[in-house]
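Accompanying notes for the structure given below.
Residue numbers (our numbering): 110 to 514.
As structure tokens, this is what we get:
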């Protein structure tokens, strides 16, 4: 029997130092207006699957920024739940030493300070970066883990072993997020064997692997492709095929899989469109937000919203983002609707299989095939809350966008 989650306590606020709370930047009035069940705190030492869900929109920031610590704090205060300090693609080769130094200084500044209120990672270039940063970390550091780009079975084990060794020396959990983006995983003739080998490596360090990330930009680059704003990554067939293979091999819900996060959306400014916007008018008319819809379309966020929906349909949670304007779009589509929540409860409240009409009377819930989905919904409900029956993503996005930047 699955019960409805209890209402959050005062310790679930964003000010708590041992975890994060989605939409923590919203006022009490906003939260009451939007949520039937509010988002609850996710502890830094909580269940790994729930931490993966809590990644939400993972915002990348170059490690060379002179105001790096201030930037992380500012974004956390605005509602960002996870960030990556980037030592790889965002940093020129000549600036590598400076970037490492600023990263170490920033992590030290967050020591004993609630980890800056976000799940904070460092994307490294080499295993040596892991060891250099770890050697300089204080015991109460603000680091959640490392992102390892261009992850392959032959070389990735060393990075996982390095993080495992660092974690063993401290009293805070540290995680790894490998990025799959190399030719061995993209090319058809090597893909299956490489994914099996990667799975074997990840399984040896299962407690360290928070989520598997997909490097779509590098994948497209192997074929000289840069997808336009008018198409999603699922319209680029070589990338879509690879994503399907990764989910198939690494995203299984039989106890062998891992959380998989969505590839980056790399556009954030308007342009001349070739195709009509994909964002329907009706939800915005119903919420008196037609002008707001035009703003979203002008900033190419309608394409991002569609890609997020396709991520969800393909078993992917969360998304990599490179601009603060993208965060609200990802998080607006993250809470559980009252209809989803009711379906999940109906499925989990019964044992023995079978099927029954949903509480909303508009679909059939099959208790065994839909069980894994229902468990995922409950994790998402804990992290991002359950919206009121009359609230949809338009309300969430307009409330998010109304805050001071």
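Note that the Cβ used here is the ideal one computed from N, Cα and C, for glycine as well.
Pairwise C-alpha distance: residue j and residue i
i	j	result
residue 508	residue 142	10 Å
residue 113	residue 454	Residue placement at residue 113 is poorly supported in this model, since its pLDDT is 44, which falls under 50; the coordinates still yield a value, given next. Roughly 8 Å between the two C-alpha positions.
residue 258	residue 267	13 Å
residue 401	residue 366	Because residue 401 sits at a pLDDT of 41, beneath the cut-off of 50, its placement in the model cannot be relied upon, and the following sentence gives the value as read from the coordinates. Residue 401 and residue 366: Cα-Cα distance of roughly 39 Å.
residue 251	residue 309	30 Å
residue 101	residue 510	This structure cannot speak to residue 101, because the chain is shown only from 110 to 514.
residue 445	residue 413	19 Å
residue 497	residue 194	35 Å
residue 280	residue 232	22 Å
residue 471	residue 175	54 Å
residue 237	residue 128	29 Å
residue 290	residue 300	11 Å
residue 502	residue 132	14 Å
residue 364	residue 469	31 Å
residue 165	residue 159	11 Å
residue 325	residue 144	34 Å
residue 334	residue 190	31 Å
residue 137	residue 235	44 Å
residue 419	residue 340	12 Å
residue 282	residue 209	21 Å
residue 297	residue 273	32 Å
Check whether residue i and residue j have beta carbons under 7 Å apart
i	j	result
residue 53	residue 261	The chain is shown from 110 up to 514; residue 53 falls before or after that span and cannot be answered.
residue 219	residue 254	no
residue 331	residue 295	yes
residue 371	residue 428	yes
residue 167	residue 148	no
residue 426	residue 368	yes
residue 348	residue 321	no
residue 204	residue 241	no
residue 163	residue 181	no
residue 410	residue 438	yes
residue 342	residue 169	no
residue 288	residue 317	no
residue 265	residue 356	no
Proximity to residue i [Cα-Cα], best of the options
i	options	result
residue 416	330, 338, 244	338
residue 304	454, 197, 182, 359	359
residue 243	271, 256, 265, 229	271
residue 457	300, 284, 483, 157	483
residue 478	494, 493, 470, 461	461
residue 171	160, 196, 132	196
residue 246	214, 273, 226, 205	214
residue 353	465, 421, 466, 162	421
residue 276	249, 264, 265	249
residue 134	184, 336, 179, 156	184
residue 207	177, 340, 488	177
residue 499	448, 297, 474	448
residue 489	161, 298, 198	161
residue 256	202, 323, 211	323
residue 154	228, 491, 486	228
Task: Every unbroken alpha helix (DSSP H) inside the segment 184-261 [4 residues or more] - done: 205-218, 236-245
Task: Whole runs of the alpha helix (DSSP H) within the segment 326-387, excluding any shorter than 4 residues - done: 346-359
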